[in-house]
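If you're matching them up, the sequences are chains X and Z in order.
Residue numbers are given in my numbering: position 65 of the first sequence equals residue 209, and the series is strictly consecutive.
Residue numbers are given in my numbering: position 11 of the second sequence equals residue 155, and the series is strictly consecutive.
Glycine residues also receive a C-beta, built at the ideal position from the N, C-alpha and C atoms.
There are 2 protein chains.
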Amino acid sequence: METQELLGFMGGLITTGGFVPQVWRLFKLKSAVEISLFFTVFFVIGISFWLVYGIVAGLPSVILWNSITLILGMSMLYAKVKYGGPIHDK
Amino acid sequence: METQELLGFMGGLITTGGFVPQVWRLFKLKSAVEISLFFTVFFVIGISFWLVYGIVAGLPSVILWNSITLILGMSMLYAKVKYGGPIHDK
Numbered sequence: 145m146e147t148q149e150l151l152g153f154m155g156g157l158i159t160t161g162g163f164v165p166q167v168w169r170l171f172k173l174k175s176a177v178e179i180s181l182f183f184t185v186f187f188v189i190g191i192s193f194w195l196v197y198g199i200v201a202g203l204p205s206v207i208l209w210n211s212i213t214l215i216l217g218m219s220m221l222y223a224k225v226k227y228g229g230p231i232h233d234k
Numbered sequence: 145m146e147t148q149e150l151l152g153f154m155g156g157l158i159t160t161g162g163f164v165p166q167v168w169r170l171f172k173l174k175s176a177v178e179i180s181l182f183f184t185v186f187f188v189i190g191i192s193f194w195l196v197y198g199i200v201a202g203l204p205s206v207i208l209w210n211s212i213t214l215i216l217g218m219s220m221l222y223a224k225v226k227y228g229g230p231i232h233d234k
């Protein structure tokens, strides 16, 4: 694997991997008051743009990891809506 | 600006932008118990890899936004250490 793709693969693996314990934690604590609703919404939208960017640019690491991160991002958004406390509390 | 770079620019702007209210919220609430320590540590490491990936691959959007996200990631890590509750509580 080329250095460039290895760096992207590692970056994606570690960053995306880090979201798993974060999502797990929200569902374990059944609490997401500290999580910003703006963050979760922007994150899902932003990651979608990165995914299309990866497809257009033909970058395997960007495609792979942003697909998985998108799912984790949507789980965080779900946790925020379900456990985030009063909805006006952004 | 090429479509590819525009997508990357938008992806970075929205994703990174979303972190600002998240970091702000942790410092406002002075609480980061829901934030996973694994997430913040992995995030900082992972984003560093993405930054080097962007430099090696010569991708302006990846370089720009991962530099800013790295700073925001380190602020989240600081907030977790400062307000995250008992350190063993990952």
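Discussion item. Short of 7 Å Cβ to Cβ, which residues in the region 187-206 of chain X face chain Z?
Written reply: Phe187, Ile189, Gly190, Ile191, Phe193, Trp194, Val196, Tyr197, Val200, Ala201
Discussion item. Quick check on Ala201 of chain Z: does DSSP put it in helix, strand or coil?
Written reply: The residue labelled residue 201 of chain Z in the question sits at position 57 within the second sequence. Correct three-state label for Ala201 of chain Z: helix.
Practice prompt. For Leu216 of chain Z, go through chain X and note every residue whose CB falls closer than 9 Å to its CB, in chain order.
Written response: Here residue 216 of chain Z refers to the residue found at position 72 of the second sequence. Simply none; closest approach about 10 Å.
Worksheet item: DSSP state of Ile212 of chain X, grouped into three classes?
Response: Within the first sequence, the letter at position 68 stands for residue 212 of chain X. Ile212 of chain X: helix per DSSP, three-state reduction.
Worksheet item: Roughly how many whole angstroms lie between the Cα atoms of Gln166 of chain X and Ser180 of chain Z?
Response: Position 22 of the first sequence, counting from 1, holds the residue named residue 166 of chain X. Position 36 of the second sequence, counting from 1, holds the residue named residue 180 of chain Z. One C-alpha to the other measures close to 5 Å.
Item to complete: Please check if any C-beta of chain X sits within less than 8 Å of the C-beta of Leu221 of chain Z.
Response: For the purposes of this step, residue 221 of chain Z is taken as the residue at position 77 of the second sequence. Leu221 of chain Z does not count as touching chain X.
Practice prompt. Could you pull out every residue in the same chain whose Cβ sits closer than 6 Å to the Cβ of Ser175 of chain X, ignoring the five residues on either side in sequence?
Written response: To locate residue 175 of chain X, count along the first sequence from 1; it is residue 31. Within the same chain, Ser175 of chain X has close Cβ partners Tyr227.
Worksheet entry | Cβ separation of Met145 of chain Z and Phe193 of chain X, assumed to be a contact under 8 Å, to the nearest whole Å | By 1-based counting over the second sequence, the position of residue 145 of chain Z is 1. By 1-based counting over the first sequence, the position of residue 193 of chain X is 49. Not quite, the Cβ-Cβ distance comes to about 14 Å (not below 8 Å), so this is no contact.
Item to complete: Compare the C-alpha of Thr159 of chain Z against each of X:Ile191, X:Gly152, X:Leu214, X:Leu216 and name the closest.
Response: Reading the second sequence from its first residue, position 15 is the one you call residue 159 of chain Z. Here the closest residue by C-alpha is X:Ile191.
Practice prompt. Run down chain X in chain order and give the residues with a C-beta less than 9 Å from the C-beta of Phe171 of chain Z.
Written response: Counting from 1 along the second sequence, the entry for residue 171 of chain Z is found at position 27. Result: empty, since nearest Cβ-Cβ is about 11 Å, beyond 9 Å.
Discussion item. So the candidates are Z:Gly156, Z:Leu150, Z:Glu149, Z:Thr147; which of them puts its Cα closest to the Cα of Asn210 of chain X?
Written reply: The residue given as residue 210 of chain X occupies position 66 in the first sequence. That would be Z:Gly156, whose Cα lies nearest to the Cα of Asn210 of chain X.
Item to complete: Determine whether the Cβ of Leu151 of chain X lies closer than 8 Å to any Cβ atom of chain Z.
Response: The residue given as residue 151 of chain X occupies position 7 in the first sequence. Cβ-Cβ to chain Z under 8 Å: yes for Leu151 of chain X.
Worksheet item: With burial defined as no fewer than 16 other Cβ atoms inside 10 Å of the residue's Cβ, what is the status of Lys224 of chain X: buried or exposed?
Response: Translated into the one-based positions of the first sequence, residue 224 of chain X becomes position 80. By the neighbour-count rule (16 or more Cβ atoms within 10 Å), Lys224 of chain X is buried.
Worksheet item: In whole angstroms, what separates the C-alpha of Ser205 of chain X from that of Ile199 of chain Z?
Response: Within the first sequence, the letter at position 61 stands for residue 205 of chain X. Within the second sequence, the letter at position 55 stands for residue 199 of chain Z. Roughly 15 Å between the two C-alpha positions.
Worksheet entry | Buried/exposed call for Thr147 of chain X, threshold 16 Cβ in 10 Å | Here residue 147 of chain X refers to the residue found at position 3 when the first sequence is read from its first residue. Counting Cβ neighbours within 10 Å, Thr147 of chain X comes out exposed, since fewer than 16 surround it.
Worksheet item: Mapping DSSP to helix, strand and coil, what is Gly217 of chain X?
Response: If you number the first sequence from 1, residue 217 of chain X lands on position 73. In the structure shown, Gly217 of chain X sits in a helix (DSSP, three-state: H, G or I).
Discussion item. Does any residue of chain X have a CB that is nearer than 8 Å to the CB of Gly161 of chain Z?
Written reply: Your numbering for residue 161 of chain Z matches position 17 in the second sequence. Interface residue, yes.
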